[in-house]
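Residues 44 to 310 (this note's numbering) make up the sequence shown, in order.
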Amino acid sequence: MSQQSLIYSFVARGTVILADYTEFTGNFTSIASQCLQKLPATNNKFTYNCDGHTFNYLVENGTKNVFHVLPILYLEFIERVDPLFWQLILKPPRQELPVDDTCLLPYSEKEAYCVVAVESAGRQIPIAFLERTKEDFNKKYGGGKAATAVANSLKKEFGPKLKEHMQYCADHPEEVSKLAKVKAQVSEVKGVMMENIEKVLDRGEKIELLVDKTENLRSQAQDFRQQGTKMRRKMWFQNMKIKLIVLGILIALIFIIILSVCHGFKC
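Structural data, given as structure tokens:
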């Protein structure tokens, strides 16, 4: 599967797109932006279909960040939000406020990750891209620079990373599929673990038995992770084997061509 299966992606805070990447032109960028405006601010994954394409989103609840505003703007904000505030206390003169100082206002916005894909790409590859991008973005920016970044200000820094993740997920569909299955198995084990804990507590079994059961289930989850690592190694060796075979065939063909041109070893 080529990179054309994933054609556009972006990272946004609230409705502000901080970084995006595409090699194509079309109205998919405006459609993706319109969908972003209507996304609920809840932890979830969303997929919309439109004209042979899927618009895939991963949304995280916004965490409280710090927004810097000038004191004068802060006073205007208080005036408009709560006029009674100024009737209860003495309004401070604005001219005494230093213009270069800042006030801090807490606010909460969702973080959204989007990728537009051709419909034939399915859902696993776009979702894998969104999860990889989210992990990379949070690792790089956390709640710092991204919290106050303006529109497209991170495009130069993070745009190449979007391209890299799009390329990887499009070029390794089998690996993405296998890793998704392993993750699903791990999630299933975690679900069984929670279910078993609830049953144990309902029956009032001893805490020692509860610890033993959770340890066994944790061991199973570890086995699944090791299975995923072995899969990646096996695929790498298979790829190397195929490359070596192709290289050997090419060398043999070149050798045969040389022999046919030179009539044996009489060049």
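Every residue gets a Cβ at the ideal spot worked out from N, C-alpha and C, and that includes glycine. This structure is a prediction, so every number in the text was calculated from the model and none was measured.
Under the three-state DSSP convention, the category His215 falls into: coil
Coil, strand or helix - Ala155 by DSSP: strand
Cβ neighbours of Gln80 in the same chain (closer than 6 Å, five flanking residues each side left out): Thr58
Opening and closing residue of the beta strand (DSSP E) in which Asp179 lies: Note, Asp179: premise wrong, no beta strand (DSSP E); alpha helix (DSSP H) at 167 to 184.
Euclidean distance between Cα positions of His208 and Ala75: 19 Å
Between the CA atoms of Glu178 and Asn104 - distance to the nearest angstrom: 15 Å
contact_flag[the region 185 to 205, the region 53 to 71] where n(CB pairs < 8 Å) is 3 or more: yes
Ser52, enclosing beta strand (DSSP E) - first and last residue: 49 to 56
Buried or exposed by the 16-neighbour rule on C-beta atoms within 10 Å, applied to Cys212: buried
Option nearest Glu174 by Cα separation, candidates Glu200, Glu162, Phe89, Ala192: Phe89
In DSSP terms, what Glu207 is bridged to: Answer is none; Glu207 lacks a bridge partner.
Backbone CA spacing between Phe71 and Val159 [nearest angstrom]: 8 Å
From Cys157, Thr85, Ser163, residue whose alpha carbon lies closest to that of Gly95: Ser163
Terminal residues of the alpha helix (DSSP H) in which Glu191 lies: Reading off the sequence, residue 191 comes out as Thr, not Glu. First-last of the alpha helix (DSSP H) with Thr191: 188 to 191.
Cβ-Cβ distance between Gln167 and Ala223 below 7 Å: yes
Under 7 Å between C-beta atoms of Leu101 and Tyr184: no
Met274 versus His215, Ile288, Arg261, Ile292, residue with shortest Cα-Cα distance: His215
Where Leu101 falls: helix, strand or coil (DSSP): strand
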